[in-house]
Amino acid sequence: MTFSSISFIYLYLPLAIIIFRLTPAHRRVACLTLLSWCYYLLASVPAALILAANCLLDFVLLSFLELYLARCPDKPVGYLAFAAKAVVVQILVMAYSHWSPGASLGGFVYTATLIGYLWDHSRGKAGYFRSFWDYALFTTFFAKSYLGPVVRYDRFVPQFSQLRSSATLISRGAVQFVIGLAKKVIIADGALILYQELASLPVEEYTFFSAWMLVFAAAMAIFFTISAYGDMARGLCSIFSLEVPRVIYYPYQAKSVVECVSRINMPLYDLVVEIVSGSAERIRQLRRYRHADTRELIAVLAGVVVVGIWFDPVPQVLLWAGFLFLMVLAERYLYFWLFRYIPGLLQSAVTFGLFLFSLAPLVLPQFSNTGDLISVLLGFSAQRMISDETSYYLASNYLVILLSLLFFTSLADRLTGFLSKKFPVASEWVIAVFNGSLLILTTALLV
Amino acid sequence: MAKRISAIFFLTVIFSAFAVLCVRFSAGGADGLTLTLRALVDGEVSAQLEEAACENMPGHSMLHKLAVDARLFGGSAEIDGILVGDTMLMKNVQPPDDEIATKNKQSIIDLASFQEHPTYVMLLPTACAIKQQELPEYINLFNQRSYIDSVYTEMSGSVSVVDTYLKLLSGMEEYIYYRTTDNLTAKGGYLVYEQLGMRLGISPLRTLDQFDIDYSDDYFYGELYEQLPVDRIQPDRVLLYRFSKYRREYQVTHYDHGEARTYYTLFPEFTAQLSGYKGGNELILGGLSPVITLKSSTSSDNSLVIFADETVLSYIPFLLVHYSDIAIIDVEHATPEDLAAVKLEDYNQVLIGVSVDTFMHEDMHTVLSSYLPQAGEAAGN
Chain A
206 MTFSSISFIY LYLPLAIIIF RLTPAHRRVA CLTLLSWCYY LLASVPAALI LAANCLLDFV
266 LLSFLELYLA RCPDKPVGYL AFAAKAVVVQ ILVMAYSHWS PGASLGGFVY TATLIGYLWD
326 HSRGKAGYFR SFWDYALFTT FFAKSYLGPV VRYDRFVPQF SQLRSSATLI SRGAVQFVIG
386 LAKKVIIADG ALILYQELAS LPVEEYTFFS AWMLVFAAAM AIFFTISAYG DMARGLCSIF
446 SLEVPRVIYY PYQAKSVVEC VSRINMPLYD LVVEIVSGSA ERIRQLRRYR HADTRELIAV
506 LAGVVVVGIW FDPVPQVLLW AGFLFLMVLA ERYLYFWLFR YIPGLLQSAV TFGLFLFSLA
566 PLVLPQFSNT GDLISVLLGF SAQRMISDET SYYLASNYLV ILLSLLFFTS LADRLTGFLS
626 KKFPVASEWV IAVFNGSLLI LTTALLV
Chain B
48 MAKRISAIFF LTVIFSAFAV LCVRFSAGGA DGLTLTLRAL VDGEVSAQLE EAACENMPGH
108 SMLHKLAVDA RLFGGSAEID GILVGDTMLM KNVQPPDDEI ATKNKQSIID LASFQEHPTY
168 VMLLPTACAI KQQELPEYIN LFNQRSYIDS VYTEMSGSVS VVDTYLKLLS GMEEYIYYRT
228 TDNLTAKGGY LVYEQLGMRL GISPLRTLDQ FDIDYSDDYF YGELYEQLPV DRIQPDRVLL
288 YRFSKYRREY QVTHYDHGEA RTYYTLFPEF TAQLSGYKGG NELILGGLSP VITLKSSTSS
348 DNSLVIFADE TVLSYIPFLL VHYSDIAIID VEHATPEDLA AVKLEDYNQV LIGVSVDTFM
408 HEDMHTVLSS YLPQAGEAAG N
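Chains A and B, in that order, are what the protein sequence lines are.
Take 206 as the starting number for the first sequence in our numbering and just add one per residue.
Take 48 as the starting number for the second sequence in our numbering and just add one per residue.
Okay, here's the thing in structure tokens:
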């Protein structure tokens, strides 16, 4: 069972909403936790068992940490040991998931949330959990099980005392969920199919255009998958009276490579950079390389690596992260000064091109062909601009490409905002009909 | 306000569908659901729940049609493994399962070397290989022509091969494959008969003017259309070729898991009124059973065993003109119990005639090896 399955949308979700609404307000945290665990059980029994066991164990360990910190308040060893244990367990779970696919569901988000909590606690921004259900919901809420967002204690946990029905939240949640679902089913899955078709071509048959289309399709599949799950997570949270931050924010219109990566998973990247650089205040400055020193560049590298592993834990990700970090260094020390003199749109275009190029080590099924692909991308070894097979694949996926181009920047958002201002009543109805049609169409594509 | 309207619509839709699903599930719509701990751990409960929810979804067929239209509008020429041509649907045949194909090939060679009668092999290309003019020019298809050639090369010396590819290609503009099901029409069957007859040593071959042509009463949509309802695809109609030059009496006996039934016609059209009738070549012989024996009142004493799949129904009415006895064995579904009705030594020719798809992806070895000595000994022991 996934968010984009009929059984989730039309069986689990309505049932969960009914149960949640019928539960007295002071029991809703426990209710949501149990509903989450039911979801994990249906999605993957090993994942449910691992998460539940981990959650129970960590809640007990937090009590020991409290005792330890009461005796040695200035020693960070307790936090470090706890975080190390969480990382080791996560690595073991990821290794186990090779034999039992699905076993790592929710694991990465759990670990990142826990480490974020430990960091916040060490800085005095988070208190102790007095209720097991609070801790369990904080770390294992099903809505953020796939791709996050990683939530922070000070923004998320205070909402637990106000889990009451709100028409505004439900409305917002329903719309966000439908839009996320449509992004996944219509665009992300289509872009993935186009990517797989292009990736199935022998590398010697790549032309300049098909090689760039390959990385473009991969980039679109990545963006729309994350964006879709992020929207669905936010929508589901809203339906259950919770608010969570955005996961992704139009990374391909960023004006630097480092800003592009930071926008792919903003909460996670911010957390990693904050922990490694030791400061929350300088994250935004880092995106534009103001005052960046060596430690902060290392923080950027850590952010790139963790965001990469979060999306797809395969060995090539490390190489991709290294490749991207070289670009970050080149950008920082070689040519970023030039950006002062060129228009913002061109900066975004250059950054997008560099990001696409950085995907070369990730996109081919056989890693050994990466060198050949890079050579074609640079225009060194392609014989033709475009091949007949590529033309066919593009023609048979033209709608996905058009939709990707329309929605991968904030252009559509801005256009909607503009129309809403100019024609408020008509645009309200158009948006309502559009959302309704999206729900019907995505349901049709899932049946 | 737009968000409120959208939310009300969303909640109305999901709760209405939820209510309908609950009613249908309680009325037996979720009978296939296995609620055991083992099934839950294996992820089967989730998969079965999804399947049951999809099947029982209100407006399922309308939604399915909408999805097909949306995909076609999006430029797809292949949906769920089915190729959408200008006027027909075709199964997109995938590359071979090497293990199965190797086993099948070896079984055929073993069968040919074991028995004395001449053995013939005929791999029939499917519609997507022949009717390529229906498809976009650069669509990526498995090369059936070169695969058939390579299999024939490996078998040369052990069996006689029948190459029908060029013959069928010569009729590519004609109605030789059904539009909505993955099989040859009788017209395609005649082309196969012409090529096959020459290899089997039949002389003279019967020309089409020696047959009366009847059309079945009804049009039908085959299983490909059921999976992919595309508006522009027209329904099919079965052509029945009845040999008219001489009078013939036929006896067609079907053996199906211990039960036998006999028809005294090649085209038992009344079967179209029975439940379970799927259309297409089911009208010919009454469809394919695990084993069928055919007797014809011809003066010839030739006899033939055909290890076949459903493609046999397209050419059998032509072939039967020349044989007094033919046995058809379904290479996928015949059981040892059914096979008891056919002894190879009673026939003087053996043909293995299947589509390339069957050869590459279906287990023929189990049935073919039943006629090999070690299998017989093992059965005896």
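C-beta atoms are modelled at their ideal positions from N, C-alpha and C, and glycine is treated no differently.
Helix or strand or just coil, what does DSSP make of residue i?
| i | result |
| --- | --- |
| Val88(B) | helix |
| Lys138(B) | strand |
| Tyr199(B) | helix |
| Val338(B) | strand |
| Asp264(B) | coil |
| Ile469(A) | helix |
| Leu267(A) | helix |
| Glu125(B) | strand |
| Asp653(A) | For chain A, the structure presents residues 206 to 652; residue 653(A) sits outside this window and is missing. |
| Gln298(B) | strand |
| Ala388(B) | coil |
| Ile331(B) | coil |
| Ser210(A) | coil |
| Gly106(B) | coil |
| Ile376(B) | strand |
Taking only the alpha-carbon atoms, compute the straight-line gap between residue i and residue j and give it to the nearest angstrom.
| i | j | result |
| --- | --- | --- |
| Ala388(B) | Lys292(B) | 31 Å |
| Arg537(A) | Val510(A) | 18 Å |
| Gly584(A) | Ala535(A) | 21 Å |
| Thr173(B) | Glu392(B) | 32 Å |
| Asp279(A) | Leu270(A) | 13 Å |
| Lys178(B) | Leu313(B) | 29 Å |
| Val208(B) | Val414(B) | 20 Å |
| Val338(B) | Cys101(B) | 36 Å |
| Pro629(A) | Gly622(A) | 10 Å |
| Asn328(B) | Val277(B) | 22 Å |
| Leu220(A) | Arg233(A) | 15 Å |
| Ser212(A) | Leu352(A) | 20 Å |
| Ser217(B) | Thr211(B) | 10 Å |
| Lys112(B) | Val70(B) | 24 Å |
| Tyr215(A) | Phe613(A) | 29 Å |
Just to check my reading of the structure: residue i and residue j have Cβ atoms closer than 8 Å, yes? What is that Cβ distance to the nearest angstrom?
| i | j | result |
| --- | --- | --- |
| Thr340(B) | Ser371(B) | Their Cβ separation, rounded to whole angstroms, is 11 Å, which puts Thr340(B) and Ser371(B) out of contact at 8 Å. |
| Ser263(B) | Arg284(B) | 6 Å |
| Ser154(B) | His412(B) | 4 Å |
| Ala348(A) | Cys260(A) | Actually they are not in contact, since the Cβ atoms of Ala348(A) and Cys260(A) sit about 16 Å apart, beyond 8 Å. |
| Pro570(A) | Ala308(A) | Not really, about 24 Å apart at Cβ, beyond 8 Å. |
| Gly483(A) | Pro354(A) | Their Cβ separation, rounded to whole angstroms, is 22 Å, which puts Gly483(A) and Pro354(A) out of contact at 8 Å. |
Suppose the cutoff is 8 Å on Cβ atoms and the five residues either side in sequence are ignored; what does the same chain contact list for residue i look like?
| i | result |
| --- | --- |
| Pro183(B) | Ala124 |
| Ile126(B) | Val115, Arg118, Leu119 and Leu275 |
Output, in chain order, the set of chain A residues within a Cβ distance shorter than 9 Å of residue i.
| i | result |
| --- | --- |
| Glu181(B) | Those within 9 Å of Glu181(B) in chain A number zero; the least Cβ separation is about 15 Å. |
| Tyr272(B) | Ordered by position in chain A, no residue passes the 9 Å Cβ test against Tyr272(B), which lies about 17 Å from the chain. |
List, in order along the chain, the chain B residues whose C-beta lies closer than 7 Å to that of residue i?
| i | result |
| --- | --- |
| Ile214(A) | Ile61 |
| Pro219(A) | Ile61, Phe62 and Phe65 |
| Tyr597(A) | Pro183, Tyr185 and Ile186 |
Counting only the same chain and skipping the five closest in sequence on each side, list residues whose C-beta sits under 7 Å from that of residue i.
| i | result |
| --- | --- |
| Gln257(B) | Phe290, Ser291 and Lys292 |
| Phe413(A) | Val581, Gly584, Ala587 and Met590 |
| Ala148(B) | Phe406 and Met407 |
| Thr322(A) | Checking the sequence, you will find Tyr at residue 322(A) rather than Thr. Result list for Tyr322(A): Ala331 and Tyr358, in chain order. |
Under 7 Å Cβ-Cβ, which residues of chain A neighbour residue i?
| i | result |
| --- | --- |
| Met411(B) | Correct list: empty, because the minimum Cβ distance to chain A is about 29 Å. |
| Cys101(B) | Ile211 and Val652 |
| Val88(B) | Val250 |
| Phe189(B) | The premise fails here: Phe189(B) is roughly 13 Å from chain A at the closest Cβ pair, so nothing lies under 7 Å. |
| Leu110(B) | Thr648, Ala649 and Val652 |
Quick one: list the residues of chain B neighbouring residue i, beta-carbon separation under 8 Å, in chain order.
| i | result |
| --- | --- |
| Met206(A) | Ser93, Leu96 and Glu97 |
| Met593(A) | The sequence given here has Asp at residue 593(A), not Met. Within 8 Å Cβ-Cβ: Glu184 and Tyr185. |
| Val298(A) | What Val298(A) touches in chain B: nothing, since even the nearest Cβ is about 17 Å away. |
Got a sec? Which residues, its chain only, sit under 6 Å from residue i by beta carbon, not counting five neighbours each side?
| i | result |
| --- | --- |
| Ala526(A) | Val509, Val510 and Gly513 |
What does residue i reach in chain B if we use C-beta pairs closer than 9 Å?
| i | result |
| --- | --- |
| Gly312(A) | Near Gly312(A) there are no residues of chain B at all, since even the closest Cβ is about 17 Å away, more than 9 Å. |
By the criterion of Cβ-Cβ separation under 8 Å, what are the contact partners of residue i in chain A?
| i | result |
| --- | --- |
| Met104(B) | Ile211, Tyr215, Thr648 and Val652 |
| Phe56(B) | Ala637, Asn640, Gly641 and Leu644 |
| Ile249(B) | What Ile249(B) touches in chain A: nothing, since even the nearest Cβ is about 43 Å away. |
With hydrogens ignored, establish whether the beta-carbon of residue i is closer than 7 Å to any heavy atom of the ligand HEM.
| i | result |
| --- | --- |
| His326(A) | The model depicted lacks the ligand HEM and carries no ligand whatsoever. |
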